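Note sheet for the following structure.
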Amino acid sequence: MGGQAFLRCYTRPEMPTTSNPALLEALRRAVGAGNVVHAPEDLIAYEYDATIEHALPDAVVFPGTAEECAAVVRAANQFDVPVIPRGSGTGLAGGTLAVKGGVVVALTRMNRIVEIDAANRIAVVEPGVINLQLQEALAPHRLTWAPDPSSQRICSVGGNIGNNSGGPHTLAQGSTVNHVLGLEVVVADGRVINLGGRVLDAPGVDLRGLMVGSEGTLGIVTQATLRLIPLAPNVRTLLAIFDTIEAASEAVSAVIRNGVIPVAMEMMDQEIIKVVEPRIHAGYPMDAGAVLLIEVEGLPEGVVIEAQAVIDACRASGAREVRSAETQQERDRLWEGRKAGIGAIGAAVPAFYLLDGVVPRTKLPAVMHRVMELVEQYGFRCANIFHAGDGNLHPNIMFDPQEEGATQRVLDLGGEIMRLCVDVGGSITGEHGIGSEKRSYMEWVFSPTDLQAMERVRLAFGSVERFNPCKVLPGGHGCASGHAAEIAAHISKPGVYI
Ligand SMILES: Cc1cc2nc3c(=O)[nH]c(=O)nc-3n(C[C@H](O)[C@H](O)[C@H](O)COP(=O)(O)OP(=O)(O)OC[C@H]3O[C@@H](n4cnc5c(N)ncnc54)[C@H](O)[C@@H]3O)c2cc1C
6 MGGQAFLRCY TRPEMPTTSN PALLEALRRA VGAGNVVHAP EDLIAYEYDA
56 TIEHALPDAV VFPGTAEECA AVVRAANQFD VPVIPRGSGT GLAGGTLAVK
106 GGVVVALTRM NRIVEIDAAN RIAVVEPGVI NLQLQEALAP HRLTWAPDPS
156 SQRICSVGGN IGNNSGGPHT LAQGSTVNHV LGLEVVVADG RVINLGGRVL
206 DAPGVDLRGL MVGSEGTLGI VTQATLRLIP LAPNVRTLLA IFDTIEAASE
256 AVSAVIRNGV IPVAMEMMDQ EIIKVVEPRI HAGYPMDAGA VLLIEVEGLP
306 EGVVIEAQAV IDACRASGAR EVRSAETQQE RDRLWEGRKA GIGAIGAAVP
356 AFYLLDGVVP RTKLPAVMHR VMELVEQYGF RCANIFHAGD GNLHPNIMFD
406 PQEEGATQRV LDLGGEIMRL CVDVGGSITG EHGIGSEKRS YMEWVFSPTD
456 LQAMERVRLA FGSVERFNPC KVLPGGHGCA SGHAAEIAAH ISKPGVYI
């Protein structure tokens, strides 16, 4: 990502296993010599994702089939090294970092759309298929796969499944887990299993549901059967313009109180508008305190009624204007601004830390107010762009890593904001997952017994040490603490924030 800096490095005392020629030979046998990368200068490209930490793997492999993935896992078992599944590496919680070294399994070559069954509204895809490419293939059938992260131009379906990703349409359609029917998975003993099926309510224990959102800790997804939904016959896109982010936050609840669940309700504050508008010319007023991008869809008559209810609720909450996109081109432009927002921050500042929390929707105005107070106290600037309808906030804290102490302060601030989310009844992630970044915050939201239950699931899959160690759950044998632990140590008591 443009201006994002790679600030923290996990150090491992042991020698990199790339010096182990026998492991490299086994990996070459598994996937072919041309599909194994181990030169340090090549590995650097795989030592980070979109978060601010980094860790160097020992090797990266590019399997082409499930059987090749399985062979890689068997080789990793033989040499006792971790396996880290990786899609496009756009994750924002360090989920693909090789924090204990090991073999990154990059699924980019497994990028075939195997089947589109339009009549039964099913697609079967390999994990490396890019989200937007799938949407483009579905469009002629007037179908869509609902998960639409703002990174959809580059993120993979496997990564969407790994993180149970959301997007603008999560508000109405739910997150990825609601749109996955079946999975083919390579598990820790190197065998291939099938979970779920082609119907919504497959018989047996719902291991498919467990796998979605497990962040690469239970196995490698090698094929997914996806539930498709029809594209709406009619869409109306509105831009509600406010003087303050608090008023825009009030409007979010007011719209839903008015009886409408829009398919999307996206917030952008003044800092975002200032970086996006000059680059994208989306049509956001430069003097607005915040805008809400709201979309309703359905049959034409319903769309008219719902759009009016949205407009009324926004006006009652203090919107100074509500614009409606009149053409597809105008609609695309409004969305282009939203989708390019985070990249635009990256181009404008040396570095930023993108946080992901979630709070009850009704708490948004007070929480946003407190977030901005905290940002000011810490002496930073912050740009906010998020799926407001879900109560999901994404403060982007801008900072200069060259400034002494700035990195530690930005991480401390991030911890305070996560604690604030928890204290008001929310949680430490709305959609980006836990990864290595937030695993020590898990104790803020789960009891030791809850965490043990999750640990036992991992044990049942045989994967505690094999797949993505030191992710999601706190503790773990030989796991460095990571920055979240340092912060958690000094923000360990519930705060009285608002
Ligand atoms: C600009 C920007 C905007 C974003 N917007 C959103 C958004 O709106 N909503 C949202 O939810 N996220 C968003 N994200 C975060 C990220 O894009 C999503 O989490 C995305 O789904 C990750 O996909 P990926 O292919 O990059 O996965 P990766 O980052 O490569 O992997 C993510 C996790 O999934 C695991 N994984 C990957 N592939 C597999 C597999 N085949 N089998 C098992 N585990 C696997 C990995 O081990 C890792 O834990 C955004 C990121 C950026 C940079």
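Each position in the sequence shown, counted from 1, maps to that position plus 5 in the numbering used here.
Cβ atoms here follow ideal geometry from the backbone N, Cα and C, with glycine treated the same way.
Because the structure is a prediction, the values reported are computed rather than measured.
By DSSP, does residue i sit in helix, in strand, or in coil?
i	result
G100	coil
E408	coil
V2	Past the boundaries of the shown model lies residue 2; the chain is included only from 6 to 503, so the question cannot be answered.
T56	coil
E331	coil
I121	strand
C484	coil
M216	helix
S432	strand
M291	coil
T149	strand
N82	helix
N168	helix
M273	strand
A10	No answer about A10 holds up, because its pLDDT of 34 lies below 50 and its placement is not dependable.
V477	coil
V427	helix
How big is the Cα-Cα spacing for residue i and residue j?
i	j	result
E381	L418	10 Å
G480	F84	23 Å
A142	N401	33 Å
F67	C475	23 Å
S180	S258	20 Å
M101	Q313	Per the sequence shown, residue 101 should be read as Thr rather than Met. Taking the straight line joining both Cα atoms gives about 44 Å.
G8	E73	Because G8 carries a pLDDT of 39, less than 50, the predicted location of this residue cannot be relied on, and no value is offered for it.
R262	P365	14 Å
I347	L478	28 Å
A111	S441	18 Å
G396	I266	13 Å
G483	G187	34 Å
R117	L137	13 Å
V182	V217	6 Å
R114	T70	9 Å
V77	A98	25 Å
L223	E421	30 Å
T22	N82	Confidence at T22 is low in this model, with a pLDDT of 45, below 50, so the placement of that residue is unreliable and no value is reported for it.
G172	R444	22 Å
P26	G92	26 Å
M89	A465	A small fix is needed here, since residue 89 is Ile in this sequence, not Met. Approximately 18 Å, taken between the alpha carbons.
P152	V197	26 Å
H4	G435	Outside the displayed span of the chain (6 to 503) sits residue 4, for which this structure offers no information.
T56	I350	14 Å
Y289	D248	13 Å
Could you spell out the range, first to last residue, of the alpha helix (DSSP H) harbouring residue i?
i	result
V454	One detail in the question is off: residue 454 reads as Thr in this sequence, not Val. Segment P453 to A465, the alpha helix (DSSP H) holding T454.
Y383	L369 to Y383
M254	A quick correction: the sequence has Ser, not Met, at residue 254. From DSSP, the alpha helix (DSSP H) with S254 extends over I250 to R262.
C387	Per DSSP, C387 belongs to no alpha helix (DSSP H); it is in the beta strand (DSSP E), R386 to H392.
D317	P305 to A321
A352	G346 to A353
M447	M447 to V450
D194	Run containing D194: none; DSSP gives neither H nor E here.
What are the residues that DSSP puts in a beta bridge with residue i?
i	result
S439	Just to set this straight, residue 439 is Ile in the shown sequence, not Ser. According to DSSP, which records beta bridges pairwise, I439 is partnered with nothing at all.
Y358	I402
F472	V88
T245	According to the sequence as given, residue 245 is Ala; it is not Thr. For A245, which the question treats as bridged, DSSP gives the partners L297 and V327.
S161	I135
I127	D122 and R232
N512	In this structure the chain extends from 6 to 503, so residue 512 is not present and cannot be described.
Could you give the residue range of the beta strand (DSSP E) that holds residue i?
i	result
A64	A64 to V66
V36	No beta strand (DSSP E) holds V36; the alpha helix (DSSP H) holding it covers P26 to V36.
T222	Unbroken run through T222: none, as it is neither H nor E.
V197	V197 to G201
V191	V185 to V191
A111	V108 to A111
Just checking: is the beta-carbon of residue i within a distance shorter than 9 Å of some beta-carbon in chain B?
i	result
D405	Reference to chain B is not applicable here, since this structure consists of a single protein chain.
Handout entry: Three or more C-beta pairs below 8 Å linking the stretch 279-288 and the stretch 359-375
Key = no
Exercise for the section: Mind the definition here: the stretch 253-262 touches the stretch 317-324 only if three or more C-beta pairs lie below 8 Å; say whether that holds. Expected result: yes
Handout entry: At least 3 beta-carbon pairs within less than 8 Å: the stretch 237-244 vs the stretch 180-193
Key = no
Problem - Given 8 Å, three or more beta-carbon pairs between the stretch 362-370 and the stretch 402-417 - result: no
Handout entry: Three or more C-beta pairs below 8 Å linking the stretch 30-40 and the stretch 330-348
Key = no
Exercise for the section: Could you say if the stretch 203-212 and the stretch 258-269 meet the contact criterion of at least three C-beta pairs nearer than 8 Å? Expected result: no
Problem - Touch test, the stretch 421-440 against the stretch 301-317, Cβ-Cβ under 8 Å, three pairs minimum - result: no
Exercise for the section: Inspect the CB distances between the stretch 446-459 and the stretch 211-220 and report whether three or more fall short of 8 Å. Expected result: no
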